[in-house]
Amino acid sequence: MEYVSLGRGGPTVSAVGLGMWQAGGKAWGADVRDADCRKAMERAVDLGINLVDTAEAYGDGHSEQVMSRAIKDLGRDRVFIATKVGGWHLRADDVKKACAGSLKRLGVREIDLYQVHWPDPWSQVPLRETMKALEALHRAGRVRNIGVSNFAVRDLEEARSLLSRTDIRSNQVRYNMLQREVEAEVIPYCKREGIAILAWSPIGKGILTGKYHDGKRPTDRIRSDEDLFKAANLRAVTPLIRALRTIGRAHGKTPGQVALAWLRRHRNVVPIPGAKRPSQSQENADAAGWSLSARELRTLGAVLRRIRIDTF
Ligand SMILES: NC(=O)c1ccc[n+]([C@@H]2O[C@H](COP(=O)([O-])OP(=O)(O)OC[C@H]3O[C@@H](n4cnc5c(N)ncnc54)[C@H](OP(=O)(O)O)[C@@H]3O)[C@@H](O)[C@H]2O)c1
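Numbering (our numbering), first residue to last: 1 to 312.
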């Protein structure tokens, strides 16, 4: 496994992480089983992946409980635990209680990266209150690093200005070949400021593996209404899948692995693909340790410029 530092001067993490939203219950499909998700994590860690991402929101803490069983088997020191406080828990007291809940479900004494899942527009909690609460948890040793998720540059700047003893380590955002909004502002800002990007949905919820098409669409609750899987979008990505396949063949890699390597062309981006079973973890782990040439990146860039995807 290849390792990188999570943000400038930050802790060492695997160049590809693992997402555990899949372990949050059946929302990802009837084929999701706790035991398979646990084994997916164990395989990932055995292959050198240490960064594992979860959240209190995933199955109301169920994903954290599945993770805790794997952590017990693997040993605490082999896992860099990233979890999140939900956007409905941003009051100071709620942050404290949410953190205690996550620690208990995970069965650990410290969280390696505690992230604000999303900036909440409804309850209008001042960011100052949330950041101060996170800093208190950091001071108390409950949280080793503070991160955020789905923050625009304006939110990041405000959040950073409210921390006095530490800085934001990472921003977890949606980023894949088909959904590239963060390239405009967030990625350049984070690169400049030494903040890591954790890329969620890095294989477009499975679409970039090439296994879905107009005649085969996922039927689970999470993806059945997802814009990416509209018939027109599935048809539109066909030339991209073809290019991923051709380039992958030259490296002995799959389309999904090429899509993950494409994200890793940015030195501060760590993709966190979700896996439902060990074989998926294995394939995703093998997306680290190699890179695309400048020519291959240009070819993919040209294909992407011709594709029109209709999502929000
Ligand atoms: N911060 C946030 O707001 C936020 C939002 C979303 C996700 N996340 C995090 O990011 C992680 C990843 O994002 P995501 O789950 O949305 O999307 P993703 O990683 O792009 O796609 C995951 C799905 O792709 C399929 N898959 C995975 N590996 C595969 C492989 N090697 N070959 C073929 N299919 C494969 C699996 O579904 P099938 O086998 O059923 O196709 C899996 O459920 C999540 O687990 C979560 O930790 C965070």
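Here a beta-carbon is modelled for each residue, glycine too, at the ideal position from N, C-alpha and C.
Quick caveat: nothing in here was measured; it's all calculated off a predicted structure.
Pull up the CB-CB distance for D220 and W28, whole angstroms please, since I reckon it's below 8 Å.
By one-based count along the sequence shown, residue 220 stands at place 220. By one-based count along the sequence shown, residue 28 stands at place 28. Their Cβ separation, rounded to whole angstroms, is 5 Å, which keeps D220 and W28 in contact under 8 Å.
Sufficient close CB pairs (3 or more, under 8 Å) joining the region 166-173 to the region 146-153:
yes
Would G215 be called buried (16 or more neighbouring beta carbons within 10 Å of its own) or exposed?
Locating residue 215 in the sequence shown gives position 215, where the first residue counts as 1. Counting Cβ neighbours within 10 Å, G215 comes out exposed, since fewer than 16 surround it.
Collapsed DSSP secondary structure at D53 in the structure displayed:
Sequence index remark: in the sequence shown, residue 53 carries index 53 (1-based). Residue state, collapsed to three classes: strand.
Three-way DSSP call (helix, strand, coil) for R144 in this model:
For the purposes of this step, residue 144 is identified with residue 144 of the sequence shown, where counting begins at 1. Looking at R144 - three-state DSSP - the assignment turns out to be strand.
Burial state of T246, where buried means 16 or more other Cβ atoms lie within 10 Å:
Along the sequence shown, read from residue 1 onward, the residue named residue 246 stands at position 246. Per the 10 Å Cβ criterion, exposed.
For the alpha helix (DSSP H) that W262 lies in, which residues bound it at each end?
Translated into the one-based positions of the sequence shown, residue 262 becomes position 262. Here the alpha helix (DSSP H) through W262 covers P255 to L263.
At a threshold of 8 Å, does N150 count as lining ligand 1 (C-beta to nearest heavy atom)?
Walking along the sequence shown from the start, residue 150 turns up at place 150. Yes, since a heavy atom of ligand 1 falls inside the 8 Å radius drawn around the Cβ of N150.
Roughly how far, in whole angstroms, is the beta-carbon of N50 from the beta-carbon of V79, given that I think they are within contact range, below 8 Å?
In the sequence shown, residue 50 corresponds to position 50, counting from 1. In the sequence shown, residue 79 corresponds to position 79, counting from 1. The pair is a contact, with the Cβ atoms about 6 Å apart (cut-off 8 Å).
Which of the three DSSP states, helix, strand or coil, is assigned to N268?
Reading the sequence shown from its first residue, position 268 is the one you call residue 268. Three-state DSSP puts N268 in coil, outside helix and strand.
Just to confirm my understanding: we take K97, look at its own chain, exclude 5 residues before and 5 after, and list those with CB closer than 8 Å. What are they?
Here residue 97 refers to the residue found at position 97 when the sequence shown is read from its first residue. Closer than 8 Å at Cβ, skipping near neighbours: H89.
Taking the Cβ atom as the reference point for each residue, do V269 and L300 lie within a distance shorter than 9 Å?
As a working note, residue 269 is residue 269 in the sequence shown. As a working note, residue 300 is residue 300 in the sequence shown. Contact: no.
CA nearest to the CA of S279, picked from A40, V153 and S123:
Here residue 279 refers to the residue found at position 279 when the sequence shown is read from its first residue. The shortest Cα separation from S279 among A40, V153 and S123 belongs to A40.
Using the rule of at least 16 other Cβ atoms within 10 Å of the residue's Cβ for burial, across every protein chain shown, is D227 buried or exposed?
Working through the sequence shown from its first residue, we reach residue 227 at position 227. Counting Cβ neighbours within 10 Å, D227 comes out exposed, since fewer than 16 surround it.
Please confirm whether P239 and R306 have their CB atoms less than 9 Å apart.
The residue given as residue 239 occupies position 239 in the sequence shown. The residue given as residue 306 occupies position 306 in the sequence shown. Taking 9 Å as the Cβ cut-off, P239 and R306 qualify as a contacting pair.
For S170, which three-state DSSP category applies?
By one-based count along the sequence shown, residue 170 stands at place 170. S170: strand per DSSP, three-state reduction.
Contact check, H266 vs I203, beta carbons under 9 Å
Locating residue 266 in the sequence shown gives position 266, where the first residue counts as 1. Locating residue 203 in the sequence shown gives position 203, where the first residue counts as 1. No. Outside cutoff.
Taking C-alpha atoms, which residue in A15, L6, G10 and G7 lies nearest to W262?
Translated into the one-based positions of the sequence shown, residue 262 becomes position 262. The shortest Cα separation from W262 among A15, L6, G10 and G7 belongs to A15.
Would you kindly work out how many angstroms separate the C-alpha atoms of V45 and R91, rounded to a whole number?
Counted from its first residue, the sequence shown places residue 45 at position 45. Counted from its first residue, the sequence shown places residue 91 at position 91. Computed Cα separation, rounded: 34 Å.
Out of curiosity, what's the CA-to-CA distance linking Y175 and E181?
Indexing the sequence shown from 1 puts residue 175 at position 175. Indexing the sequence shown from 1 puts residue 181 at position 181. Each residue's alpha carbon lies about 8 Å from the other.
What did DSSP end up calling V32 once you bin it into helix, strand or coil?
Taking the first residue of the sequence shown as position 1, residue 32 is located at position 32. DSSP places V32 in coil when its eight states are reduced to three.
Taking its Cβ as the centre, do 16 or more other Cβ atoms sit within 10 Å of A70, making it buried, or is it exposed?
Residue numbering aside, residue 70 sits at position 70 when the sequence shown is read from its first letter. A70 comes out buried.
Determine, using beta carbons only, whether D155 and L127 come nearer to each other than 9 Å.
For the purposes of this step, residue 155 is taken as residue 155 along the sequence shown, with counting starting at 1. For the purposes of this step, residue 127 is taken as residue 127 along the sequence shown, with counting starting at 1. Yes, the Cβ-Cβ distance between D155 and L127 is below 9 Å.
Please tell me whether A196 and C190 are closer than 9 Å, where the distance is taken between their beta carbons.
Translated into the one-based positions of the sequence shown, residue 196 becomes position 196. Translated into the one-based positions of the sequence shown, residue 190 becomes position 190. Yes. Within cutoff.
Quick check on DSSP: helix, strand or coil for N284?
Counted from its first residue, the sequence shown places residue 284 at position 284. Of the three classes helix, strand and coil, the one that applies to N284 here is helix, per DSSP.
DSSP state of G86 mapped onto helix, strand, coil:
For the purposes of this step, residue 86 is identified with residue 86 of the sequence shown, where counting begins at 1. The answer is coil: DSSP assigns G86 none of H, G, I, E or B.
Along the chain, where does the alpha helix (DSSP H) that runs through T238 open and close?
In the sequence shown, residue 238 corresponds to position 238, counting from 1. Residues T238 to H251.
Taking DSSP as the reference, what is the three-state secondary structure of Y325?
Only positions 1 to 312 of the chain appear in the structure, and residue 325 is not among them; the question remains open.
Would the beta-carbon of G274 fall within 9 Å of that of W118?
Here the question's residue 274 lines up with position 274 in the sequence shown. Here the question's residue 118 lines up with position 118 in the sequence shown. Taking 9 Å as the Cβ cut-off, G274 and W118 do not qualify as a contacting pair.
On the DSSP bridge assignment, give the partners of Y3 in chain order.
On the sequence shown, residue 3 is found 3 positions in, with the first residue counted as 1. Looking at the DSSP assignment, Y3 forms a beta bridge with S14.
Quick one: what's H213 bridged to in DSSP?
Counting from one through the sequence shown, the residue named residue 213 turns up at place 213. Paired residues: K216.
Please report the residue range of the alpha helix (DSSP H) in which Q314 lies.
Since the first residue shown for the chain is 1 and the last is 312, residue 314 is missing from the structure and cannot be characterised.
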